[in-house]
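Position 87 of the sequence shown, counted from 1, bears residue number 87 in full-length UniProt numbering, the numbering being contiguous throughout.
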Amino acid sequence: MRLPPLNAVRAFEAVCRHGSILKAAEELKVVRGAVRQQIATLEGHFGRKLFVRDGRRLVPTAEASAFAEASGAAFDILQRAACELSGTGPGRIRLGVPSAFAVWWLMPRVADMQASLSDMAVDIVPMSVVEPLLMHPELDAVIMGGEYRPAAGVTAVRFMEDEFGPVATPALAATLSESPAAMGRLTMLASRSVPKLWDEWFAESGTPPVAFSRVQEFEDLLLALGAARSGLGIALAPRASIEDDLQRGQLVAPYGFIARPSGYSLCCRTPDAKRPAFSALSGWLRRCGRPS
Numbered sequence: 001m002r003l004p005p006l007n008a009v010r011a012f013e014a015v016c017r018h019g020s021i022l023k024a025a026e027e028l029k030v031v032r033g034a035v036r037q038q039i040a041t042l043e044g045h046f047g048r049k050l051f052v053r054d055g056r057r058l059v060p061t062a063e064a065s066a067f068a069e070a071s072g073a074a075f076d077i078l079q080r081a082a083c084e085l086s087g088t089g090p091g092r093i094r095l096g097v098p099s100a101f102a103v104w105w106l107m108p109r110v111a112d113m114q115a116s117l118s119d120m121a122v123d124i125v126p127m128s129v130v131e132p133l134l135m136h137p138e139l140d141a142v143i144m145g146g147e148y149r150p151a152a153g154v155t156a157v158r159f160m161e162d163e164f165g166p167v168a169t170p171a172l173a174a175t176l177s178e179s180p181a182a183m184g185r186l187t188m189l190a191s192r193s194v195p196k197l198w199d200e201w202f203a204e205s206g207t208p209p210v211a212f213s214r215v216q217e218f219e220d221l222l223l224a225l226g227a228a229r230s231g232l233g234i235a236l237a238p239r240a241s242i243e244d245d246l247q248r249g250q251l252v253a254p255y256g257f258i259a260r261p262s263g264y265s266l267c268c269r270t271p272d273a274k275r276p277a278f279s280a281l282s283g284w285l286r287r288c289g290r291p292s
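What follows is the structure, given as structure tokens:
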């Protein structure tokens, strides 16, 4: 079939990412009316409505959402191919990394990482909320754990196991019985950056959900783990993030850890995956991510 106008597709893809005509117009540096006109053009091309309204947000239909994902991947490929053709390809990798993962795993190894990549610099961009690469055109790659979901145009290289479990100080853990239901007497420490982490642990470990006496939320997982170290309550932690605490006896895992199927993955756009800089980065991650 005849392809739709490229400008209309670009406007449509921006509205899908932002859920807002205003924000899409700001990104594209045009007025809102121009974006509305492009959406109308695309809807005329396909002969159907592409959005429904949910409060103040515009939400694409299921079919339109799939088209938006493919469009975003296609624009990324075109952008990088154009840079390569013009000889203006990036001299650095902008790598999005979950804030907690950056602090407890990546930064202690960053000098070794940079040495292994030779002249290619890596800009580490902390992400308080981990989102897919397709939502971040300004990034070249992201590291994701259990949040990873397969997406068109994105290649994921799994480089490390991801284990997690409840942790608390030895004093608090001593008050617990063998049944996880005993955790209900403690304060559940949660992070808004990974709001479903406790639910996922209950589901993946086969543990019945626990009704906690109190729940305290923090903006970031780092803060929740700091609160656990202080004895405020019990937190859910990736094992690698508190390995030193376990060895020093500052924290214990009363119910052990379970492995997550997804592990940790480096996600980049498929055309980038075979380029030397990304191959070097993924190779270094696989070497460092192996169990010692």
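Just so it is clear, CB atoms sit at the ideal spot from N, CA and C, and this is done for glycine as well.
Inter-residue spacing [alpha-carbon to alpha-carbon] between residue i and residue j
i: Ile234; j: Gly206; result: 19 Å
i: Leu78; j: Glu131; result: 22 Å
i: Gly72; j: Leu172; result: 48 Å
i: Val35; j: Val9; result: 10 Å
i: Leu281; j: Val30; result: 37 Å
i: Leu225; j: Ile93; result: 29 Å
i: Ala70; j: Arg192; result: 29 Å
i: Ile21; j: Glu178; result: 54 Å
i: Arg109; j: Leu223; result: 22 Å
i: Ala111; j: Ala40; result: 51 Å
i: Met160; j: Val103; result: 16 Å
i: Gly249; j: Val194; result: 26 Å
i: Asp119; j: Pro98; result: 24 Å
i: Ser230; j: Phe101; result: 20 Å
i: Pro170; j: Leu232; result: 12 Å
Under the three-state DSSP convention, the category residue i falls into
i: Phe212; result: coil
i: Phe257; result: coil
i: Pro276; result: helix
i: Val167; result: strand
i: Thr155; result: strand
i: Leu106; result: helix
i: Asp199; result: helix
i: Thr41; result: helix
i: Leu246; result: helix
i: Glu69; result: helix
i: Gly263; result: strand
i: Pro98; result: strand
i: Arg56; result: coil
Reference residue i; option with closest CA among the options
i: Ala82; options: Ala224, Ser265, Pro271, Leu221; result: Pro271
i: Met1; options: Arg260, Gly231, Phe46; result: Phe46
i: Ser279; options: Trp201, Arg158, Leu232, Ala64; result: Arg158
i: Leu28; options: Trp284, Phe12, Pro60; result: Phe12
i: Tyr255; options: Gln37, Met127, Met183; result: Met183
i: Leu3; options: Thr169, Val154, Phe67; result: Phe67
i: Ile258; options: Phe202, Pro276, Thr61; result: Phe202
i: Arg214; options: Thr187, Ala228, Asp245; result: Thr187
Own chain partners of residue i with C-beta closer than 7 Å, once the 5 adjacent residues on each side are dropped
i: Tyr148; result: Ala156, Ser262, Ser265, Cys267
i: Ala151; result: Glu69, Pro132, Leu134
i: Glu138; result: Arg94
Other residues of its chain near residue i: CB distance less than 6 Å, five sequence neighbours each side excluded
i: Gly19; result: Arg57, Leu58
i: Glu217; result: Ala190, Arg192
i: Val142; result: Gly96, Leu133, Cys267
Cβ shell of residue i (< 8 Å), same chain only, five flanking positions each side left out
i: Gln114; result: Ala121, Val122
Quiz item: Counting Cβ pairs closer than 8 Å, one from the segment 232-240 and one from the segment 116-134, do we hit at least three?
Solution: Not touching, per the Cβ criterion.
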